[in-house]
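Letter by letter, the sequence shown follows residues 30 to 309 of my numbering.
Think of the CB as a built atom: it goes at the ideal place given N, C-alpha and C, for glycine as much as any other residue.
Predicted, not measured: the structure shown is a model, and the values here were computed from it.
Notes follow the structure.
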Amino acid sequence: MAYVPGVALLAALAVGCSAGSDGSASDADSKPGGPTVTTAPPGKYRTLPAPCRAVPGSTLKDLLPGVAELPQQQQEKAFRGSPTVTYDTDRKVGCSWKSDAPDSTRNLSIDFERVVSYDPAVSDDDRARTLYAKKETAADLSGVTTPPGPPEKPADSAAGEETGTGKPGGGEGSAGPSPSASGSTSGTASGTPGAPGGGEDLRPRVLDGLGDAAFLDDLLTRAGSTAQHRTVSVVFRTSNVIVTVRYGEQPALVTKVPDSKELQEKAQALARKLAEVISE
């Protein structure tokens with residue numbers, strides 16, 4: 030009879046050891062401070078719009094004067110646009126248009142970039158925010174530099190006064206507007222961005238009320254004796270998508286300066302339309 034309690038005692042000890050072992054394993058798993066893996070949330074947008082169909086026909090007619098004068102077949106081809114060649118249409122797409130009118134040539138391009146972060150600890154939005162910040166820094170919105178070139182002739186000054194772009198004779202020794210690498214020259218009317226102290230400020234700047242963040246750059250260039258070319262760029266970010274609008278004009282006459290105000294207003298209006306397209 031004494032043998033039975035011995036067996037029972039051994040069984041009880043075995044059960045106790047097993048329970049103790051399970052408890053210690055459970056305690057190890059529940060220790061605070063253990064490594065945890067968290068994945069950043071994906072971006073809001075998973076697709077991009079078709080760029081060549083993103084701009085309404087009525088808007089293209091306004092932005093591309095001269096196309097409406099072409100035969101119907103050529104109009105359709107011009108308004109259709111040229112898709113940007115990319116190797117990943119899920120990530121980046123674009124389209125461009127061009128019009129040649131007797132008085133000037135206009136260029137328009139739009140680009141959509143959907144940013145994806147491959148770092149699980151960095152969200153798509155954060156990655157897009159970083160890339161956008163680099164673009165804004167590269168634009169150097171506060172920088173004003175004048176590219177080298179031949180001095181303006183007195184005739185240019187008279188032409189500038191007619192278009193509201195030059196300084197009157199005898200005004201601080203300037204014969205006309207100096208093209209700026211960032212589009213920021215001293216002027217107050219249609220030809221150049223406005224100067225501090227008077228008129229509308231059309232200098233490169235940060236924009237409010239467009240996407241999560243936006244800026245505008247205005248670049249006026251001239252190579253040698255050719256006509257001046259102005260390109261206005263509007264770049265904005267909405268969640269994990271970065272959009273770039275470029276709208277430019279080169280007048281047929283060497284003495285004419287492209288209208289900064291007109292180009293800026295139209296480029297901004299298009300950017301706001303595209304922001305709506307993305308959100309649809």
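query, result
"For D148 and R275, the rounded distance between their alpha carbons", "31 Å"
"CA nearest to the CA of A69, picked from L160, V263, D91, V145", "V145"
"Coil, strand or helix - D129 by DSSP", "strand"
"R143 versus A150, S128, E305, Y161, residue with shortest Cα-Cα distance", "Y161"
"Short Cβ contact (8 Å threshold) for V235 with L292", "no"
"Minimum C-alpha distance to G312 - residue among R266, R259, T255", "No statement about residue 312 is possible, as the shown extent of the chain runs from 30 to 309 and does not include it."
"Anticipated Cβ contact below 8 Å, V122 with F108, distance rounded", "18 Å between Cβ atoms; not a contact."
"For A57, the three-state DSSP class (helix, strand or coil)", "Its pLDDT being 43, under 50, A57 is placed unreliably by the model, and nothing is read from it."
"Length at least 3, wholly inside the stretch 227 to 297: the beta strand (DSSP E) runs in chain order", "234 to 236, 242 to 250, 258 to 267, 270 to 280"
"E191 classed as buried or exposed, judged by whether at least 16 other C-beta atoms fall within 10 angstroms", "For E191, the pLDDT reaches just 39, beneath the cut-off of 50, and the residue's location in the model is therefore unreliable, although a value from the coordinates is still provided. So E191 counts as exposed."
"Contacts around G202, its chain only, beta-carbon distance under 7 Å, and the 5 residues preceding and following it disregarded", "Its pLDDT being 38, under 50, G202 is placed unreliably by the model, and nothing is read from it."
"The alpha helix (DSSP H) enclosing T166, as first and last residue numbers", "153 to 168"
"Cβ-based burial, D58 [other Cβ within 10 Å; buried from 16]", "Residue placement at D58 is poorly supported in this model, since its pLDDT is 44, which falls under 50; the coordinates are not used for a value here."
"Alpha helix (DSSP H) runs contained entirely in the stretch 75 to 104, provided each spans 4 or more residues", "86 to 92"
"Rounded separation between L299 and V151 - CA only", "31 Å"
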